[in-house]
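Just so we're aligned, residue 306 is where the sequence shown starts under this note's numbering, counting upward by one. Everything on this sheet refers to the single structure shown next.
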Amino acid sequence: MGAGYGGLVAALKLAKGTPAGSVDITLVNKYDYHQLVTQLYEPAAAAKRDTEVRIPLKKLLAGKPIRFVQDVVTKIDPKEKVVTLEGGELSYDYLVVALGSETEYFGIPGMKEYGMTLKSVDEARLIRTHIERCFAEYPLDPRPELLTFVVGGAGLTGIELVGEIADWLPRLCEESNIPREQVTLYNVEAMPSILPGFEPDLVAKAEEVLKAKGVIFKVGSPIVQVEPGAVHLKDGAVIQSRTIIWTGGVRGNQIVVDAGFETEPRGRAKVNEYLQAVGYDDVYMAGDCCFVLNEQGRPYPPTAQLAIQMGNSVAHNLAADLQGRPKTPFVPKILGTVASLGGRDAVGKVGNNYKASGRVAYFIKDLSQIRYLAKIGALMK
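Below, the structure written as structure tokens:
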């Protein structure tokens, strides 16, 4: 269930790791393409075309023993071993749940109704066209809130998005004949610092780069309410804006909660060391819909590299089940994290010690994307 990073990798590896004809693999996904979710900030800010971050599943699965069903999962019944889709039902012997996450709004009044999110190619297109429309409207109706943009959340997604928008603004200003100083771009973060989990020197570098591009940071000041045209902060400040893009949190998929799987308070499923749902040997989980703990007893952040590793592990252990071999516990290997800052600039850490910034960090991020595309057989698609 799901053709994101975890689900797609699980299906491809299972098909490759089992004898031909020995398993019947069905991959269900809402879209007929795989989305490069970690790159969505680029089409959202017109840095790439939509087609560059979506890969047709027909091409990825060509010649492979995987049946693709384009449909929406509405219910999972693990006791009856049935998945309900909008267009019918599927029964299973083994199930891999990789349905991703949903947006966590933390109960902020108005955020769900008036904020935009960035979790799909369609949403990236909506953000891009909305910003372009704001610039188109301004010469006819010069209200400052049209050219005031707010990105809520300064984690990886928020920082990458705000950096790309900052690079886009000069072009938009030139096309619309609007002085750059009339445009304001805020990044609002509830925590006392941007990029939680990054080391202080990398955070400082990211702030320096983004401030030079005109980004205004409001850290340690949570958003407490959103209204049409206004974003209210806990410190009492009100930002008059027609644009709020929310990247401030995720929670597990509600379908997983409704299925009765054991979950934590934010709806992510609990799994054992083999990534099986607690109490169900025939259900495996991968990606953002579940969680695993690090050595400090805290959940690993929901990232693409973790989902990919989960997909690999699920396929390995599922094949072991089918072939009567011992399963292998899942042990994540975090290779590092790099945050793009717009253009060809980035900051990040690779392995335990190597820190990089600027074009070197951007090259590392680009290389990891190429490695993934090679892994799923998409480089020549």
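Just so it is clear, CB atoms sit at the ideal spot from N, CA and C, and this is done for glycine as well.
In its own chain, which residues sit with a C-beta less than 6 Å from the C-beta of residue i, not counting the 5 before and 5 after it?
i, result
"Arg372", "Thr331"
"Leu395", "Val388"
"Phe522", "Asn492"
"Tyr397", "Lys386"
"Asp587", "Tyr399"
"Gln674", "none"
"Glu532", "Gly415"
"Tyr310", "Ala609, Ala612 and Ile613"
"Asp337", "Leu362 and Gln375"
"Leu366", "Phe373"
"Val652", "Leu507, Lys510, Ala511, Ala644, Ser662 and Ala666"
"Phe635", "Leu580 and Ser618"
"Asn599", "Tyr605"
Helix, strand or coil: which one does DSSP assign to residue i?
i, result
"Gln601", "coil"
"Gly405", "coil"
"Tyr687", "Here the chain has residues from 306 to 686 only, and residue 687 is not among them."
"Ser498", "coil"
"Phe757", "In the structure as shown, the chain starts at 306 and stops at 686, and residue 757 therefore has no counterpart that could be examined."
"Met421", "strand"
"Leu431", "helix"
"Leu445", "coil"
"Lys632", "coil"
"Ile413", "coil"
"Ile681", "coil"
"Met615", "helix"
"Arg438", "helix"
"Arg649", "coil"
"Ala620", "helix"
"Ala308", "coil"
Grab me the residues of residue i's own chain with a C-beta within less than 7 Å of its C-beta, minus the 5 sequence neighbours each way, in chain order.
i, result
"Ala624", "Leu319, Gly322 and Thr323"
"Leu515", "Val467, Gly468, Ala471 and Leu646"
"Pro631", "Ala625"
"Gly663", "Asp650"
"Lys335", "Val377"
"Arg547", "Cys439, Glu450, Leu451 and Gly534"
"Phe668", "none"
"Pro637", "Val597, Tyr605, Leu611 and Gln614"
Per DSSP, residue i is paired with what?
i, result
"Ser396", "Val387"
"Phe522", "Asn492"
"Lys654", "Thr642 and Lys660"
Using 8 Å as the limit for Cβ to Cβ distance, is residue i near chain D?
i, result
"Gly502", "The structure shown has no chain D; it contains just one protein chain."
Could you pull out every residue in the same chain whose Cβ sits closer than 8 Å to the Cβ of residue i, ignoring the five residues on either side in sequence?
i, result
"Ile560", "Val378, Thr379, Lys380, Ile381 and Leu404"
"Gly326", "Pro370"
"Leu452", "Cys439, Phe440, Tyr443, Ile483, Gln487, Val488 and Thr489"
"Glu504", "Lys654 and Lys660"
"Phe411", "Gly553 and Gly554"
"Pro497", "Val524 and Gly525"
"Ala542", "Lys523 and Ser526"
"Asp355", "Pro348, Val426, Ala429 and Arg430"
Continuous beta strand (DSSP E) assignments of at least 3 residues falling wholly in the region 318-386
330-334, 338-340, 359-361, 371-375 and 378-382
Entirely within the region 525-606 and at least 3 residues each: give me those beta strand (DSSP E) ranges in chain order.
528-532, 535-538, 543-545, 548-551, 555-557 and 588-590
Uninterrupted beta strand (DSSP E) stretches inside the region 449-487 (no shorter than 3 residues):
453-457
Below 8 Å, can you find three or more Cβ-Cβ pairs linking the region 419-430 to the region 573-590?
no
Does the structure place the region 308-316 close enough to the region 612-622 that three or more beta carbon pairs sit under 8 Å?
yes
Does the structure place the region 634-648 close enough to the region 449-467 that three or more beta carbon pairs sit under 8 Å?
yes
The region 541-552 touching the region 562-578, judged by at least three CB pairs closer than 8 Å:
no
Determine contact between the region 430-437 and the region 343-357, defined as no fewer than three beta-carbon pairs at a distance below 8 Å.
yes
Looking at C-beta atoms only, is the number of pairs between the region 360-370 and the region 675-686 that lie closer than 8 Å three or more?
yes
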